[in-house]
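Q:
Structure follows, in structure tokens:
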């Protein structure tokens, strides 16, 4: 491994500037940890006040060290930081950690200090973590630089670990570490990122993606400052079959205010983050206990799994409750195939259930041969992805050997839930079976894990942007009117309404006659984004007289309501028949770049927030997935005996809009088709109106 | 207390028929528990095989007992049950518990056995619990009749308790008991109801409402067989300031199938259950751990609380996460009042937060005087209902005394969350502060508890049905057409469209001219419920010619599509202008009786399942609450600068429909107004169509 962050995250030697001899001081705690847990590298405490700390020689200043350490940890005040970094750099130190608060999070003076620090790092090429940082730990080498008391209270692992924490909060890092260690999982890296003045989240994530130890990353995110870097790091994680489990803070207004106050982070759009996480198969988590359990489940990701679960209980009630909770969480409980039911029925009495959930009844646990037969049938049928067994403690104990045996024979994922006091838990875990002692926690961890497995099976790498079709049209830099926007989109293959531009009433009447009534009349101006609001749209015009009336009324209204708009004329279109209206938009997200959004037209979509989002590129197949995710998708799919809409044509148009956005220069803020009218199957879709905002 | 179930739930003497000398057998385990835990009443084992069991004299048969016990427990096979009950009854036994399975849950033969048992109970007046029952326990008197190993594994309480379990599953009862005892809460009654052949859920609930010990009931419900009894018992609970926390199984299709298979229960409509729970201020729970924590929180219900929460942390990140989770769970985090912020700012540095969430920063914990000042400000402001503090273990320890002091001075609800290893937890609990060691569990318990407190403050008893307005109209028993339905509703004050009935085209034309065009034409027939589907509605008819065409087309269509319908004529109404359309329906729920449902008209309401429900009676104020619960309520409230709708008039009409349903005989299955057109404010609402199904 030869990553830029190597001296920071895997240092061979560490110096502490502002070292203390007391283990309860921030300048002393990490030195205490290093010496107690057997760090193998060199440690150089620096403090003119001491000759020796924790049995180590203490130096008067950085210049006195016998050699340049990989990493310097600065336990000194904010104002002294950059001068000291300069001295470290002169000595040959490659990386530094800055504990001090009092930078960007603390008003204008702090912001100036931070800018100064950033300038220095940029010029010198030094890797500076923080400021406002609790410090780091590489648990594989016991390289401790964090003043986190959790390393004294949580049991220390032996040997290397595969779970890493990467958090934008020291407290969250410590809380996660405690929970992960409570489950007995060994840790690779303990990373919190502080103010991210010089090294930000994605670069750490990139390191962990390359780290040979790390397999699972528990992330806490307030704001991503490098969306492209994040996407790339997640793609590397995916390639290496590693997994990021992330809690994103600021999903509510109050939460967003809190993260801004915390690390001056901008929480961003939760829908966008969610869609990016989904596309990159990141598991989004809600709380710490769930994250730790997901890290534990990730150890079993080599087992085949997915959303189709069989629930096995000794109690009809528990079967019902688990069915309710799993289905509400997005999993499926398919009916068991007839042949599997037949195997089960051989030993399950009439009052038991052989569908799904299965109630094997209490008697069955006394017949290990039959229990194994049942589990083998469930482990081998193609109709299932996973098996979850709920049994009171002593019953689980009686079945434990059978479960372990079958789990050793089949690669299928097995989980056991026991809210009692089973003694077999460790044995089951060693046999590769997930074990839970709480029903709610089991559901909250199993559901996202199994859905992750489902997506992982289906996963296709994010395509490199396809070669863009040559557009015959250059984008005008001074803004575009509707006709120009439609023309631009049309050049990428978006089907657009035939429209004719008129600059006089007479011309409009000629066009209308050519198109045949009824027609639509729209004002044409790059200066008017919302035509309806200024009386710039007239629908369903039936004849020449009505056209004249509408034309006059429109001109009067525009003169009054948009007196300064430059008017290019009017647009005449044939009035469309019935269909389903979509809104399709693409815009530059400040974090992740170009994103696409689809939703059904109309106010209710807004009220029910029924939209779906995706990073670009968006293929026709992706577009189809996006439409299917809408709660209102049934309206496209032949709702209440209505004809099915031409979804394939809609997907083509959506993919074409995505192409048009990808090809557009950065100055294009947003492209929107509203509405995209989707006619009935076989009759296509058509953009009735479009908007390009620069 | 002099409840009918007293001999069953508080027996002074118990006999065991089919007694065993072994503590691991169902006929022995409860006798072992009774003797070990010091039950004070008489115990009479009955089994001709033994002279003595557990040091007690064992009798050859029930007839040999020296006196009639209050309660007989039957540990014998299903077929022998009713004959034995007859002998018990002859002896003078007042109540019995039947363990045996093999009744209604097991096919036709079992159903016949159960009917026989029910007949006997009805005739004899004997109180029979079960069959298919794990047995009961009164932990106040240590009257054990359950074969539940959990009484051997969970620590036994000393003295009486105030938490009772009431479940339609023995396994769930045991699982809940274990969790409640793990939290150290003492239990009053352990009740599972089995097949409920003779005593059903509500009667037990009614007993617990009267029980002087019980304050909190943890319920598990698959099906309520007596909705009216349940409502009444919940009202008694409310009156006595007791609390029911209920998990309802079967909220998904698969869950519903499972409960049906389990106890042949019909899961019913989850929306209806949910609305009834809300009206009766029952807390609906999702899993067992949550229920146990809610039982613990209920011990603090004397503290003032509600939905407005202040979150106090030492970490911006934790503040953000808690804000997100609490708000997503339905709580509010109001901004703190300026004067409170000023108190906080005196000791909180600039980089801390004094809004809400509050980040007091780590330094503050070392100044107990200031911590108390902060907490007093939060405990006394009218802008809040509750205070939640999240602190890592050692920081919570440093603040513990201050929190306890302030909690003793103010009645406000305080909770503390520590995912570390605070040592102060027990002290805080003794001071009346809720303490959690997991963030997810804390939110899942606190949110429903605080929302329950909010509703409890606002709670008005369910009004007795008001004296109904004298309706001039008797309901026709042979079905009603639209005009008759509207007339019936009108007599209760539902504003209805003026409509004129015609039996010929000429008559229709005369009516149309009188009303003035445009008009609506509708077929009039009690036999046609869905007029649109048979071509029985024509809207927006502009003139006499068009009316003639529509009339003819309608008659042709009806002749073809509903050839057997008896036609009363056609209805002519004036065409209505714009407005918001509601669907308002009332129907007899098989469990709870008459229920009202409101939603916005149109397909999207169905797709988004955006409806709200209420038990009758429904006042205008209730109707207003129901409308406000709709996600689409903004459409009534001046959405996007549209005029506000006449919500007051809509509420009047909804309340009037509820009256009409309440006054209708049982034979009326459903009354629906679709649509109720709500015009803009001040212009009223009007029922455009109505349906009464017998």
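Residue numbers (UniProt numbering), protein chains in the order written: chain L, 1 to 694; chain B, 1 to 694.
Think of the CB as a built atom: it goes at the ideal place given N, C-alpha and C, for glycine as much as any other residue.
Name, going along the chain, the residues of the region 310-330 of chain L whose beta-carbon falls closer than 8 Å to a beta-carbon of chain B.
A: Residues passing the 8 Å Cβ filter: 314, 315, 316, 317, 318, 319, 320, 321, 323, 324, 325, 327 and 328.
Q: Closer than 8 Å, Cβ to any Cβ of chain B: which residues of the region 273-288 of chain L, in chain order?
A: Under the 8 Å Cβ criterion, the region 273-288 of chain L contributes 286, 287 and 288.
Q: Just reading off the beta strand (DSSP E) that residue 74 of chain B is part of, what are its end residues?
A: In the second chain, the residue the question calls residue 74 of chain B occupies position 74. 71-74 is the span of the beta strand (DSSP E), which, as asked, contains residue 74 of chain B.
Q: Measure the Cβ-Cβ separation of residue 219 of chain B and residue 139 of chain B and say whether it is below 7 Å.
A: Along the second chain, read from residue 1 onward, the residue named residue 219 of chain B stands at position 219. Along the second chain, read from residue 1 onward, the residue named residue 139 of chain B stands at position 139. The answer is no: Cβ separation not under 7 Å.
Q: Report the partner residues of residue 327 of chain B according to the DSSP bridge assignment.
A: Translated into positions along the second chain, residue 327 of chain B becomes position 327. BP columns for residue 327 of chain B are empty, so no partner.
Q: Check whether the region 174-182 of chain L touches the region 42-61 of chain L, counting contact only when three or more Cβ pairs, one atom from each stretch, lie closer than 8 Å.
A: No, they do not touch.
Q: Beta carbons nearer than 9 Å to chain L: which residues of the region 158-171 of chain B have them?
A: Cβ contacts with chain L: 167, 168, 169, 170 and 171.
Q: Any Cβ of chain B within less than 7 Å of the Cβ of residue 608 of chain L?
A: Within the first chain, numbered from 1, the residue matching residue 608 of chain L stands at position 608. Yes, because at least one Cβ of chain B sits closer than 7 Å to the Cβ of residue 608 of chain L.
Q: Among the residues of its own chain, which have a CB less than 8 Å from the CB of residue 631 of chain L, if the five just before and after it don't count?
A: Counting from one through the first chain, the residue named residue 631 of chain L turns up at place 631. These residues qualify, in order along the chain: 608 and 610.
Q: Give the range of the alpha helix (DSSP H) segment to which residue 114 of chain L is assigned.
A: Locating residue 114 of chain L in the first chain gives position 114, counting from the first residue. Residues 107-124.
Q: If residue 308 of chain L and residue 383 of chain L are in contact, beta carbons under 8 Å, what's the gap, nearest whole angstrom?
A: Your numbering for residue 308 of chain L matches position 308 in the first chain. Your numbering for residue 383 of chain L matches position 383 in the first chain. Residue 308 of chain L to residue 383 of chain L, Cβ: 7 Å. Contact.
Q: Looking at chain L, is there any beta carbon in it that lies within less than 7 Å of the beta carbon of residue 465 of chain B?
A: Here residue 465 of chain B refers to the residue found at position 465 when the second chain is read from its first residue. Low confidence applies to residue 465 of chain B: its pLDDT is 47, below 50, so where it sits in the model is not reliable enough to give any reading.
Q: Sorted by chain position, which residues of the same chain lie with C-beta nearer than 6 Å to residue 298 of chain L's C-beta, five sequence neighbours on each side aside?
A: By one-based count along the first chain, residue 298 of chain L stands at place 298. The residues are 216 and 243.
Q: Comparing alpha-carbon positions, which option in L:136, L:124 and L:106 lies nearest residue 26 of chain L?
A: As a position in the first chain, residue 26 of chain L is number 26, starting the count at 1. The candidate whose alpha carbon is nearest that of residue 26 of chain L is L:136.
Q: Give, in chain order, every unbroken run of the beta strand (DSSP E) that is at least 3 residues long and sits entirely within the region 382-448 of chain L.
A: Runs of the beta strand (DSSP E) inside the region 382-448 of chain L: 386-390, 413-417 and 434-436.
Q: Cβ of residue 442 of chain B within 7 Å of Cβ of residue 428 of chain B?
A: Counted from its first residue, the second chain places residue 442 of chain B at position 442. Counted from its first residue, the second chain places residue 428 of chain B at position 428. Cβ distance not < 7 Å, so residue 442 of chain B and residue 428 of chain B don't count as in contact.
Q: How would you list, in chain order, the residues of chain B whose beta-carbon sits under 8 Å from the beta-carbon of residue 259 of chain L?
A: Here residue 259 of chain L corresponds to residue number 259 of the first chain, with the count starting at 1. Those are 316, 317 and 320, listed as they occur along chain B.
Q: Between which residues of its own chain and residue 696 of chain L is the CB-CB distance below 7 Å, once the five residues before and five after are set aside?
A: Residue numbering for chain L in the displayed model covers 1 to 694; residue 696 of chain L lies beyond these limits and cannot be assessed.
Q: Spatial neighbours of residue 251 of chain L within its chain, please: C-beta separation below 7 Å, excluding the five flanking residues on both sides.
A: Taking the first chain and counting its residues from 1, one reaches residue 251 of chain L at position 251. For residue 251 of chain L, where only same-chain residues beyond five positions count, the Cβ hits under 7 Å are 270.
Q: Could you give the distance in angstroms between the alpha-carbon of residue 560 of chain B and the alpha-carbon of residue 553 of chain B?
A: For the purposes of this step, residue 560 of chain B is taken as residue 560 along the second chain, with counting starting at 1. For the purposes of this step, residue 553 of chain B is taken as residue 553 along the second chain, with counting starting at 1. Between residue 560 of chain B and residue 553 of chain B, the C-alpha separation is close to 11 Å.
Q: Going by the beta-carbon positions, is the gap between residue 369 of chain B and residue 407 of chain B smaller than 7 Å?
A: Here residue 369 of chain B is taken as the residue at index 369 of the second chain, counted from 1. Here residue 407 of chain B is taken as the residue at index 407 of the second chain, counted from 1. No, they are not a contact pair.
Q: What do you reckon, are the CB atoms on residue 440 of chain L and residue 295 of chain B nearer than 7 Å?
A: Taking the first chain and counting its residues from 1, the one referred to as residue 440 of chain L is at position 440. Taking the second chain and counting its residues from 1, the one referred to as residue 295 of chain B is at position 295. In this structure, residue 295 of chain B does not lie closer than 7 Å to residue 440 of chain L by Cβ.
Q: Grouping DSSP H, G and I as helix and E and B as strand, with all else coil, what is residue 457 of chain B?
A: Position 457 of the second chain, counted from the start, is the residue given in the question as residue 457 of chain B. Correct three-state label for residue 457 of chain B: helix.
Q: So residue 671 of chain L and residue 692 of chain L are in contact, right, with Cβ under 8 Å, and what is the actual spacing, rounded?
A: Stepping through the first chain from its first residue, residue 671 of chain L is reached at position 671. Stepping through the first chain from its first residue, residue 692 of chain L is reached at position 692. Residue 671 of chain L to residue 692 of chain L, Cβ: 5 Å. Contact.
Q: Counting C-beta neighbours from all protein chains within 10 Å, is the total for residue 13 of chain L 16 or more, i.e. buried, or is it exposed?
A: Walking along the first chain from the start, residue 13 of chain L turns up at place 13. Result: buried.
Q: At the 7 Å Cβ level, is residue 472 of chain L part of the contact set with chain B, yes or no?
A: Start at 1 with the first residue of the first chain, and residue 472 of chain L comes out as number 472. Confidence is the limiting factor: at residue 472 of chain L the pLDDT is only 47, short of 50, which leaves the residue's position unreliable, though a coordinate-based value still follows. It does not; no Cβ of chain B falls within 7 Å.
Q: By the criterion of Cβ-Cβ separation under 8 Å, what are the contact partners of residue 350 of chain L in chain B?
A: Sequence index remark: in the first chain, residue 350 of chain L carries index 350 (1-based). Those are 106 and 107, listed as they occur along chain B.
Q: Can you tell which of B:599, B:677, B:380 and B:555 has the C-alpha that lies nearest to the C-alpha of residue 580 of chain B?
A: The residue labelled residue 580 of chain B in the question sits at position 580 within the second chain. The candidate whose alpha carbon is nearest that of residue 580 of chain B is B:677.
Q: Please specify which runs of the beta strand (DSSP E), each continuous and at least 3 residues long, are wholly inside the region 143-221 of chain B, giving them in chain order.
A: Taking only runs of at least 3 residues, the beta strand (DSSP E) segments lying wholly in the region 143-221 of chain B are 163-167, 187-192 and 216-221.
Q: Going along chain B in order, which residues have a C-beta closer than 7 Å to the C-beta of residue 701 of chain L?
A: The question about residue 701 of chain L has no answer here: the residues shown for chain L are numbered 1 through 694.
Q: Could you pull out every residue in the same chain whose Cβ sits closer than 7 Å to the Cβ of residue 89 of chain B, ignoring the five residues on either side in sequence?
A: Looking up residue 89 of chain B in the second chain gives position 89. Excluding sequence neighbours, residue 89 of chain B sits near 124 and 126.
Q: Taking the alpha carbon of residue 650 of chain B as the reference point, which residue from B:226, B:584 and B:278 has its own alpha carbon closest?
A: Within the second chain, residue 650 of chain B is the residue found at index 650, counting from 1. Out of B:226, B:584 and B:278, B:584 has the C-alpha closest to the C-alpha of residue 650 of chain B.
Q: Are the CB atoms of residue 144 of chain L and residue 33 of chain L within a distance shorter than 7 Å?
A: Residue 33 of chain L sits at position 33 when you count from the first residue of the first chain. Residue 144 of chain L sits at position 144 when you count from the first residue of the first chain. Yes, the Cβ-Cβ distance between residue 33 of chain L and residue 144 of chain L is below 7 Å.
Q: Could one say the Cβ of residue 468 of chain L lies closer than 7 Å to chain B's Cβ atoms, at least one of them?
A: Within the first chain, numbered from 1, the residue matching residue 468 of chain L stands at position 468. Any reading at residue 468 of chain L needs caution, since the residue's pLDDT is 48, under 50, leaving its predicted position unreliable; the model's value is listed next. Closer than 7 Å: no.
Q: Give me whichever residues DSSP pairs with residue 594 of chain B in a beta bridge.
A: By 1-based counting over the second chain, the position of residue 594 of chain B is 594. In DSSP, residue 594 of chain B forms a bridge with B:588.
Q: Measure the alpha-carbon distance for residue 16 of chain L versus residue 163 of chain L and round it to whole angstroms.
A: For this step, residue 16 of chain L is matched to residue 16 along the first chain. For this step, residue 163 of chain L is matched to residue 163 along the first chain. So the two alpha carbons sit approximately 27 Å from each other.
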